[in-house]
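Notes follow once the structure below has been shown.
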Amino acid sequence: MRKIKNCFICLLAVFVISCSLVKTAYNNAPALIAWRLDDYFNFNEPQKTKLKLALQDMHAWHRKNELPRYVSLLNEIHDDLSHDVSAQTACQRIESIKSNLQMLQPKMTPIIVDIGSTLSDKQLQHFQKKLEKRNQEWKEEWWQETTEEQREVRLDKSQDFAEKVYGDLNDKQINMLKQAIAKHDIDPAIIYSEILRRDEDALEILKALRNPATPNEQKSQLVRAGFERMQNSPNPAYQAYVDTVTQLGCETIANLHATTTAKQRLHAQQWVEDYMTQFNQLQSK
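Numbering (mature numbering (1 follows the signal peptide of the UniProt record, and there is no 0)), first residue to last: -25 to -1, 1 to 260.
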């Protein structure tokens, strides 16, 4: 279940990578998501057919109902970019993005119940192996041996994204990012522990969905509860860690934006406008 949600979010994340890919990625979303999920579960033909039809319906709903929300949020961000913003405002925008993504969950739940109820032991084993492989890839990307290496990776990623938005950063701005990153080191161990918890949770839910004696509404409740645990971890230490990191991230966004020049802000506004144009065009398809 965790990967089903993450696959859709990964698709949406394509928008952040390159505006030129928005139309292609979005218009082919059902096929791309089906392909990604098939890699995790190795579906049989009946499952593929069910998934294809369900994703097409979800895609039509998303185009009509959710794209306008994205445009509205981008309008707010566009306005924010013209002036300094507080950490509180930055956090509000992040929460809005999360809320928009969470709107997908009620639509995904029946798909997960329907397909999950038909999964075989072999498919669950395949899924588990895929999770293990993905977890190893995560460790290679994020769990460096030293704090200095971790900071370097985080700086590279932070600078890369910031320069997509603002254009080239100056030395002062890059140094500001370095200081912000050094202020709070990430804790790969607690993050990885949460990843493993979610994996186990997803597997237990998928196993429970296969019980033919369980009513569909109860199965749906299992999935909804799983989504809730993703948003609010039952591990209080992890949830506190996430809350702290999020707050520091909001402060960094606000502080970096306060240092930007008129040229950089114009670049950022144009970056947002490009996405607004793409989303508006996609709504009319």
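Even glycine gets a Cβ: it sits at the ideal position worked out from N, Cα and C.
The alpha helix (DSSP H) enclosing residue i, as first and last residue numbers
| i | result |
| --- | --- |
| ASP135 | 122 to 141 |
| PHE18 | Premise fails: PHE18 is in no alpha helix (DSSP H) and is neither H nor E. |
| TRP246 | 237 to 258 |
| LEU76 | 62 to 77 |
| residue 263 | No statement about residue 263 is possible, as the shown extent of the chain runs from -25 to 260 and does not include it. |
| GLU226 | 211 to 233 |
| SER195 | 191 to 206 |
| LEU144 | Taken as a continuous stretch (DSSP letters only), LEU144 belongs to no alpha helix (DSSP H), as it is neither H nor E. |
| LEU48 | 42 to 55 |
| GLN103 | 96 to 117 |
| ALA188 | Counting along the chain, ALA188 falls outside any alpha helix (DSSP H), and DSSP gives it neither H nor E. |
Rounded C-alpha distance that separates residue i from residue j
| i | j | result |
| --- | --- | --- |
| VAL(-10) | PHE136 | Model confidence at VAL(-10) stands at a pLDDT of 43, short of 50, so the residue's coordinates are unreliable; what they give is reported in the following sentence. Rounded to the nearest angstrom, the two C-alpha atoms are 9 Å apart. |
| PHE16 | ARG199 | 21 Å |
| PRO21 | ILE90 | 10 Å |
| GLN193 | GLN239 | 51 Å |
| ALA62 | ASP54 | 16 Å |
| GLU120 | VAL128 | 12 Å |
| TYR45 | MET251 | 8 Å |
| LYS(-23) | PHE18 | With a pLDDT of 44 at LYS(-23), under the threshold of 50, the predicted position of this residue should be treated as unreliable, and no value is reported. |
| LYS104 | GLN258 | 38 Å |
| ASP218 | ALA35 | 34 Å |
| ARG126 | GLU116 | 12 Å |
| TYR216 | THR64 | 21 Å |
| ASN191 | VAL88 | 7 Å |
Under 8 Å, with one C-beta from each stretch per pair, do the segment 245 to 254 and the segment 24 to 31 reach the 3-pair mark?
no
Would you be able to state if there are at least three C-beta pairs under 8 Å between the segment 61 to 80 and the segment 226 to 235?
yes
Just checking, does the segment 166 to 177 make contact with the segment 96 to 116 on the three C-beta pairs under 8 Å criterion?
The segment 166 to 177 makes contact with the segment 96 to 116: 3 or more CB pairs, one atom from each, lie closer than 8 Å.
- In chain order, which beta strand (DSSP E) runs of at least 3 residues are fully inside the segment 152 to 183? none
Can you confirm whether the segment 140 to 160 touches the segment 203 to 214 when touching is taken to mean that 3 or more C-beta pairs between the two stretches lie within less than 8 Å?
no
Worksheet item: For the segment 72 to 87 against the segment 35 to 50, are there 3 or more C-beta pairs whose distance is under 8 Å?
Response: Contact holds: three or more Cβ-Cβ distances are below 8 Å.
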